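> Below is a structure I'd like to ask you about.
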Amino acid sequence: MKLLLRGLLPAVLLLVGLCPALAQSAPDTSARTAGSDTLRLAQRLVEDEEEPATASTLPAAPMPIAVSEITLHGTVLDVASGKPIPASIDVLDNETGSLVTTLRCTPEGTYSISLPAGTNYGLVLRNGAYPFHSENVNLASRMGFPETVRDFRLQKLEPGTNIRLNNVFFEPSTATLRPESTAELERLVKLLADKPK
1 MKLLLRGLLP AVLLLVGLCP ALAQSAPDTS ARTAGSDTLR LAQRLVEDEE EPATASTLPA
61 APMPIAVSEI TLHGTVLDVA SGKPIPASID VLDNETGSLV TTLRCTPEGT YSISLPAGTN
121 YGLVLRNGAY PFHSENVNLA SRMGFPETVR DFRLQKLEPG TNIRLNNVFF EPSTATLRPE
181 STAELERLVK LLADKPK
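Letter by letter, the sequence shown follows residues 1 to 197 in the numbering used here.
Following this line, the structure appears as structure tokens:
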């Protein structure tokens, strides 16, 4: 209601501004006071209106919750058939290169693991019929999200198959490899030695 009156206030003021000229020529005093009474009523209603919400009166935006562990889960499937792959997954700390843990997918190809937040991990998926598949999972950038879904599609090693190296890192703006790239490159060397053709 007050907002409606506030919106009408300019029209009321315009009419009140015109009324005094008419009211001066009116024979009785009721017409003269009607304009000023309307103006006082409109001003009082607008003055009594609550101030609109501002940044200082609104509640603070919710802050992301610092999460100590993040659950990483997903499914491993064959890229061509869509069938589940019971792969093993090595979880590596990319910064140190150390093995954090190894887990196995279920026969349905699903996996789930809780990992400390704030770390950049490398996942290496293995299954005898497939070449290794690596992924970089940066949980350092996932603060505030207690769950991350990462699905994988593996492709059998056949002539012409591309192998993507996801855990090779370079110094910014250079062609210099960072030390945490060593493990990924060693996996590639081993694959090439095991499957020379």
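For glycine and all other residues, C-beta sits at the position ideal for the given N, C-alpha and C.
Please read these numbers as outputs of a predicted model, since none were measured by experiment.
Buried or exposed: which applies to P172, given that a residue is buried once 16 or more other Cβ atoms fall within 10 Å of its Cβ?
exposed
> Count Cβ pairs between the stretch 88 to 103 and the stretch 112 to 126 that sit closer than 8 Å; are there 3 or more?
yes
> Spell out a yes or no on whether the stretch 156 to 164 and the stretch 175 to 185 are touching, meaning 3 or more CB-CB pairs, one atom from each, closer than 8 Å.
no
> In terms of DSSP beta bridges, what is G74 paired with?
Y111
> According to the neighbour-count rule (16 or more other Cβ atoms, all chains shown, within 10 Å of its Cβ), is V79 buried or exposed?
exposed
> Out of T182, L165, L72, T96, state which residue places its alpha-carbon closest to the alpha-carbon of C105.
Nearest option by C-alpha distance: L72.
> Quick one: Cα of T148 to Cα of T96, how far?
22 Å
> Pick out whichever of P146, P107, Q155, I113 has its Cα sitting closest to the Cα of P84.
P107
> Let's test the definition: count the other Cβ atoms within 10 Å of the Cβ of N167 and tell me whether it reaches 16, buried, or not, exposed.
Buried: at least 16 other Cβ atoms inside 10 Å.
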